[in-house]
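The sequence shown begins at 3 in my numbering and counts up one residue at a time. Report on one structure; see the data block that follows.
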Amino acid sequence: MKICCIGAGYVGGPTMAMIAHKCDDIDVHVVDINSDRIAAWNSGTLPVYEPGLQEIVEANRDRNLFFSTEVDAHIRDADIIFISVNTPTKQYGVGKGKAADLKFIELCARRIAEVAVGHKIIVEKSTLPVRTAETVKRILANTPHGATFDVLSNPEFLAEGTAMTDLEAPDRVLIGGESAAAIETLVSVYARWVARERILTTNLWSSELSKLAANAFLAQRISSINAISALCEATQADVDEVAHAIGKDSRIGPKFLKASVGFGGSCFQKDILNLVYLCEHYGLTEVAEYWNQVVKMNDYQKARFARNMVKTLFNTVSGKRIAMLGYAFKKDTNDTRESAAIYVCRDLLTEQANVAIYDPKVTPAQIKADLKTVFTNGNGELAARDRKLIEENVIFCSSAQEAAKDAHGVAVMTEWDEFKTLDPAELYGLVYKPAFLFDGRNILDHNAYLQAGFEVYAIGKGLLDGE
Ligand code: NAD
Ligand code: UGA
Numbered sequence: 003m004k005i006c007c008i009g010a011g012y013v014g015g016p017t018m019a020m021i022a023h024k025c026d027d028i029d030v031h032v033v034d035i036n037s038d039r040i041a042a043w044n045s046g047t048l049p050v051y052e053p054g055l056q057e058i059v060e061a062n063r064d065r066n067l068f069f070s071t072e073v074d075a076h077i078r079d080a081d082i083i084f085i086s087v088n089t090p091t092k093q094y095g096v097g098k099g100k101a102a103d104l105k106f107i108e109l110c111a112r113r114i115a116e117v118a119v120g121h122k123i124i125v126e127k128s129t130l131p132v133r134t135a136e137t138v139k140r141i142l143a144n145t146p147h148g149a150t151f152d153v154l155s156n157p158e159f160l161a162e163g164t165a166m167t168d169l170e171a172p173d174r175v176l177i178g179g180e181s182a183a184a185i186e187t188l189v190s191v192y193a194r195w196v197a198r199e200r201i202l203t204t205n206l207w208s209s210e211l212s213k214l215a216a217n218a219f220l221a222q223r224i225s226s227i228n229a230i231s232a233l234c235e236a237t238q239a240d241v242d243e244v245a246h247a248i249g250k251d252s253r254i255g256p257k258f259l260k261a262s263v264g265f266g267g268s269c270f271q272k273d274i275l276n277l278v279y280l281c282e283h284y285g286l287t288e289v290a291e292y293w294n295q296v297v298k299m300n301d302y303q304k305a306r307f308a309r310n311m312v313k314t315l316f317n318t319v320s321g322k323r324i325a326m327l328g329y330a331f332k333k334d335t336n337d338t339r340e341s342a343a344i345y346v347c348r349d350l351l352t353e354q355a356n357v358a359i360y361d362p363k364v365t366p367a368q369i370k371a372d373l374k375t376v377f378t379n380g381n382g383e384l385a386a387r388d389r390k391l392i393e394e395n396v397i398f399c400s401s402a403q404e405a406a407k408d409a410h411g412v413a414v415m416t417e418w419d420e421f422k423t424l425d426p427a428e429l430y431g432l433v434y435k436p437a438f439l440f441d442g443r444n445i446l447d448h449n450a451y452l453q454a455g456f457e458v459y460a461i462g463k464g465l466l467d468g469e
């Protein structure tokens, strides 16, 4: 059996590496139009950082796992073609800011229709609006070489940072489709390492919608606990204690109840906005408004964190150095897409702060690119004033200590484990006094920082007084 995966990104790369790793007899070709990305997959420095990924890629690369830019050749050769391209929020025209931009999906479908021969199983791996398979099928119906197709939906549920363990032991694999034979072929691939009872089969539309619904439910939990965090700060309740207490109810459960500076990542916001757009499309205004509130609450949380910092630092951060510990949207990844840190950094820069950033995995080039994007207006223009802020007020550091040196405030943005072992007394010695710590993840030992001399603001706990 030969598999081709179009899209060598955060999903395509790790997912295909796992299939190659588990299925010796299957040749897996991951193709992409981005030649730099393919070159990186073929190098010692992979484009995606995931614990355990490098080992699996190195063990299988050029054996039964291949990365290349030869899209057409591998489409032609494959029995199963996964489409794992990006589906970002549309930035233009109808549905701008909400709908999923399906141009990359359509381009793939057209390419497959154009070059395919024989029978192919096409698998939607990307997250898509419900009924996209219909579009894909219509495009595939116009093929010059008499190829035939089955279209399946097989959304991916991996989370970044734990991609390899999620792929190795998934809660479930979901396969939606119309042809029992095609479904069984794909089931047989996963069944090499996933128990059959964890492989769910549904109709196409349930599968497509389940992916959007799962992300919406997950994000909703975070927005719910973040909403409660604001109320905790107003009432001296402690959000971690509240989360613990409600999570003990087996109907609620303890996971995904960690209050934070706001959820980030490439998918939660995009998928909810996509869901909102779909609901509006079907005239379900109240349903659309309900889900939109999850995103609004997240925006509120990010803005609230930055506002609290400014307020605590005597209502001005102009000319002050703020140490930002962490920039990735969560720990154990180099991904910064929609990271809360981008928005907090933008708000602090707008207040003329100097932001000293340290993240163990994110590059300065990525941070600059994110900030340029977030300051760029709807017409694609970056004001000279904002460019200057990015060039002059952002400082890239190679350790937490370097970032904290002469800082007026230290903010934890990402829950990297290494921040938990920082020495509060050492940091206290480095920063300006009065010393302020803003814990956007509630990962530090607040009492230890209070004892070292810091004033501590923690999400859902407010300004701690040390008693
Ligand atoms: P990504 O941007 O990292 O990768 C997508 C890749 O597709 C890029 O390398 C791009 O060059 C390539 N591509 C685009 N158009 C192409 C074309 N016509 N031909 C060949 N290559 C093309 O995206 P990602 O994070 O891997 O996400 C892919 C999909 O999976 C999205 O729909 C996303 O919502 C979904 N998803 C992502 C995650 C995640 O953790 N990132 C998890 C589950 C699902
Ligand atoms: C999420 C889902 O968990 C995956 O199942 C899904 O496949 C994926 O989106 C996707 O479709 O892209 P991911 O975004 O990689 O995965 O990471 P999560 O662990 O879900 O975290 C998302 C954001 O929520 C992070 O910023 C994280 O810090 C934040 N978060 C998470 C909280 O603030 N509190 C929590 O309790 C959990």
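Positions of the beta carbon are idealized from the N, C-alpha and C atoms, including for glycine.
Three-state class that DSSP yields for residue i in the structure shown
{"i": "methionine 326", "result": "strand"}
{"i": "aspartate 79", "result": "helix"}
{"i": "tyrosine 459", "result": "strand"}
{"i": "alanine 437", "result": "coil"}
{"i": "lysine 24", "result": "helix"}
{"i": "cysteine 399", "result": "coil"}
{"i": "glycine 249", "result": "helix"}
{"i": "aspartate 425", "result": "coil"}
{"i": "leucine 391", "result": "helix"}
{"i": "threonine 314", "result": "helix"}
{"i": "glycine 14", "result": "helix"}
{"i": "alanine 290", "result": "helix"}
{"i": "threonine 47", "result": "coil"}
{"i": "valine 412", "result": "strand"}
{"i": "glycine 431", "result": "helix"}
{"i": "arginine 133", "result": "coil"}
{"i": "threonine 187", "result": "helix"}
{"i": "threonine 150", "result": "strand"}
{"i": "arginine 348", "result": "helix"}
{"i": "arginine 194", "result": "coil"}
{"i": "methionine 419", "result": "Here the sequence assigns aspartate to residue 419, which means methionine is not the residue at that position. Of the three classes helix, strand and coil, the one that applies to aspartate 419 here is helix, per DSSP."}
{"i": "arginine 140", "result": "helix"}
{"i": "isoleucine 254", "result": "coil"}
{"i": "leucine 169", "result": "helix"}
{"i": "aspartate 334", "result": "coil"}
Enclosing alpha helix (DSSP H) for residue i [first to last residue]
{"i": "aspartate 117", "result": "In the sequence on display, residue 117 carries valine and not aspartate. Where valine 117 is concerned, the enclosing alpha helix (DSSP H) stretches over 105-117."}
{"i": "serine 268", "result": "Per DSSP, serine 268 belongs to no alpha helix (DSSP H) and is neither H nor E."}
{"i": "phenylalanine 377", "result": "366-377"}
Residue i - partner residues in DSSP beta bridges
{"i": "isoleucine 40", "result": "Note: isoleucine 40 sits in no beta bridge, so no partner."}
{"i": "histidine 31", "result": "Cys6 and Phe68"}
{"i": "serine 155", "result": "Glu126 and Gly178"}
{"i": "phenylalanine 84", "result": "Cys7 and Val125"}
{"i": "arginine 200", "result": "DSSP lists no partner for arginine 200."}
{"i": "threonine 164", "result": "Looking at the DSSP assignment, threonine 164 forms no beta bridge with any residue, so it has no partner."}
{"i": "threonine 91", "result": "Ala102"}
{"i": "arginine 63", "result": "Leu67"}
Chain-order list of residues whose beta-carbon lies under 7 Å from that of residue i (same chain, five-residue window excluded)
{"i": "lysine 333", "result": "Gly163, Thr416, Glu417, Trp418 and Asp419"}
{"i": "arginine 306", "result": "Ala232"}
{"i": "methionine 299", "result": "Ser225, Asn228 and Ala229"}
{"i": "serine 181", "result": "Asp152"}
{"i": "isoleucine 40", "result": "Ala10, Asp34, Phe69, Ser70 and Thr71"}
{"i": "tyrosine 430", "result": "Ala437, Ala454, Gly455 and Phe456"}
Nearest-angstrom Cβ-Cβ length linking residue i and residue j, presumed shorter than 8 Å
{"i": "isoleucine 114", "j": "leucine 130", "result": "Contact flag wrong, Cβ pair sits at about 15 Å."}
{"i": "aspartate 240", "j": "lysine 422", "result": "Their Cβ separation, rounded to whole angstroms, is 19 Å, which puts aspartate 240 and lysine 422 out of contact at 8 Å."}
{"i": "glutamine 403", "j": "leucine 432", "result": "6 Å"}
{"i": "leucine 327", "j": "alanine 413", "result": "7 Å"}
{"i": "alanine 165", "j": "histidine 147", "result": "With 8 Å as the limit, alanine 165 and histidine 147 do not qualify as a contact, their Cβ atoms being about 36 Å apart."}
{"i": "isoleucine 21", "j": "methionine 3", "result": "Going by Cβ atoms, the distance from isoleucine 21 to methionine 3 rounds to 10 Å, so no, they are not a contact pair."}
Segment limits, beta strand (DSSP E) that includes residue i
{"i": "asparagine 356", "result": "356-360"}
{"i": "isoleucine 123", "result": "121-126"}
{"i": "leucine 220", "result": "Not the beta strand (DSSP E): leucine 220 falls in the alpha helix (DSSP H), residues 206-237."}
{"i": "leucine 452", "result": "Counting along the chain, leucine 452 falls outside any beta strand (DSSP E), though it belongs to the alpha helix (DSSP H) covering 448-454."}
{"i": "leucine 465", "result": "464-466"}
Proximal residues to residue i (C-beta, below 8 Å), its chain only, five neighbours per side dropped
{"i": "lysine 313", "result": "none"}
{"i": "tyrosine 459", "result": "Asn310, Met311, Thr314, Phe438, Leu439, Phe440, Asp441, Leu465 and Leu466"}
{"i": "threonine 91", "result": "Gly99, Lys100, Ala101, Ala102, Asp103, Gln271, Lys272, Leu275 and Asn276"}
{"i": "serine 400", "result": "Tyr360"}
{"i": "leucine 160", "result": "Val13, Pro16, Thr17, Asp168, Leu169 and Pro172"}
{"i": "asparagine 156", "result": "Phe84, Val125, Glu126, Lys127, Val175, Leu176, Ile177, Gly178, Leu188 and Ser209"}
Cut-off 6 Å between Cβ atoms - residues of its own chain near residue i, not counting five sequence neighbours on either side
{"i": "asparagine 356", "result": "Arg323 and Asn395"}
{"i": "threonine 203", "result": "Ile177 and Ile185"}
{"i": "cysteine 25", "result": "Arg194"}
{"i": "isoleucine 530", "result": "Shown here, the chain extends from 3 to 469; a query on residue 530 therefore has no answer."}
Distance cut-off 8 Å: residue i Cβ against heavy atoms of ligand 4
{"i": "leucine 130", "result": "This structure lacks ligand 4; its bound ligands are ligand 1 and ligand 2."}
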